[in-house]
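Residue numbers (our numbering): 424 to 602. Yeah, the Cβ is synthetic: ideal placement off N, Cα and C, and Gly gets one too. Working notes for the structure below.
Next up, the structure:
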C-alpha cells in the first residue's frame with residue numbers, strides 16, 4: 424500500500440507542478456510513465472491476491488493503460504504528433520469501453536482478476552486523462568452523454584479505483600484463506 428501512496432502522490436505532484444517540456448512531451452511522459460506505473464500498482468495488488476503471474480499481469484496492465492492511445496493515431500490518420508493531439512478524443516476513451524474490455528477479459532480467461540486488471544487499467548487511463556480537461560471534451564460517458572465533468576472527478580475516480588482494487592484484493596485474499 425506504500426507503493427500505491429507513493430505513486431499516486433508522484434502523479435498528482437506531476438499534474439500540479441509547472442515543469443515546462445517541449446511540445447507534447449508532458450503528455451507522452453504522463454501516459455508512458457505515470458499511467459503505466461499506476462496500472463502496474465493495480466495489477467500487482469490483484470495478481471498477488473489472485474495467484475496470477477506477477478510479471479504477465481504487470482505487462483498486460485501496462486500495455487492496456489498505455490496502448491489505448493493508439494486510437495488517436497487511427498482517428499487522426501497520421502503519425503504527426505500535433506495532428507494526433509488535436510483530433511477529437513475517440514470513444515475508446517470512455518468508461519463503457521473500459522467495462523466492455525474488462526468483460527471481454529473475463530469472458531476469454533474466465534478469471535475475474537484478469538477482467539478487473541483490464542477494466543481498471545483502461546478506466547485509470549480514461550480517468551487520468553479527464554484531469555486534463557482536453558479540447559474537445561473527453562467522451563468519458565459515451566454513449567450516454569457528452570457531459571464534461573469537473574477536473575476533480577478524475578482525481579477522485581482514480582482514488583476510488585485504487586480503493587476498489589484494494590477491496591477486490593482483500594476479498595480475494597479472504598476467499599483463498601477460507602477452508
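Candidates the options: which alpha carbon is nearest residue i's?
i: residue 517; options: 491, 531 and 535; result: 491
i: residue 591; options: 580, 540 and 565; result: 540
i: residue 499; options: 488, 511 and 489; result: 511
i: residue 523; options: 505, 542, 562 and 507; result: 542
i: residue 433; options: 526, 507 and 578; result: 578
i: residue 583; options: 451, 456, 483 and 461; result: 461
i: residue 487; options: 477, 509, 521 and 565; result: 521
i: residue 537; options: 509, 593 and 475; result: 475
State the DSSP-derived secondary structure class of residue i, mapped to helix, strand or coil.
i: residue 475; result: coil
i: residue 531; result: helix
i: residue 584; result: helix
i: residue 501; result: coil
i: residue 516; result: coil
i: residue 482; result: helix
i: residue 523; result: helix
i: residue 555; result: coil
i: residue 433; result: helix
i: residue 488; result: helix
i: residue 601; result: In this prediction, residue 601 scores a pLDDT of 43, lower than 50, which makes its location untrustworthy; no coordinate-derived value is stated.
i: residue 511; result: coil
i: residue 563; result: coil
i: residue 572; result: coil
List the whole-angstrom C-beta distance separating residue i from residue j, where the pair is believed to meet the contact cut-off of C-beta under 8 angstroms.
i: residue 465; j: residue 544; result: 7 angstroms
i: residue 519; j: residue 547; result: That pair is no contact at about 15 angstroms.
i: residue 481; j: residue 463; result: 5 angstroms
Do residue j and residue i come within 8 angstroms of each other at the CB atom, strictly closer than that value?
i: residue 574; j: residue 472; result: no
i: residue 588; j: residue 505; result: no
i: residue 453; j: residue 489; result: no
i: residue 514; j: residue 495; result: no
i: residue 576; j: residue 553; result: yes
Can residue i be considered in contact with the ligand FMN, in the sense that its beta carbon sits closer than 7 angstroms to one or more heavy atoms?
i: residue 586; result: For the structure depicted, the ligand FMN is absent and the ligand set is empty, with no information on it obtainable.
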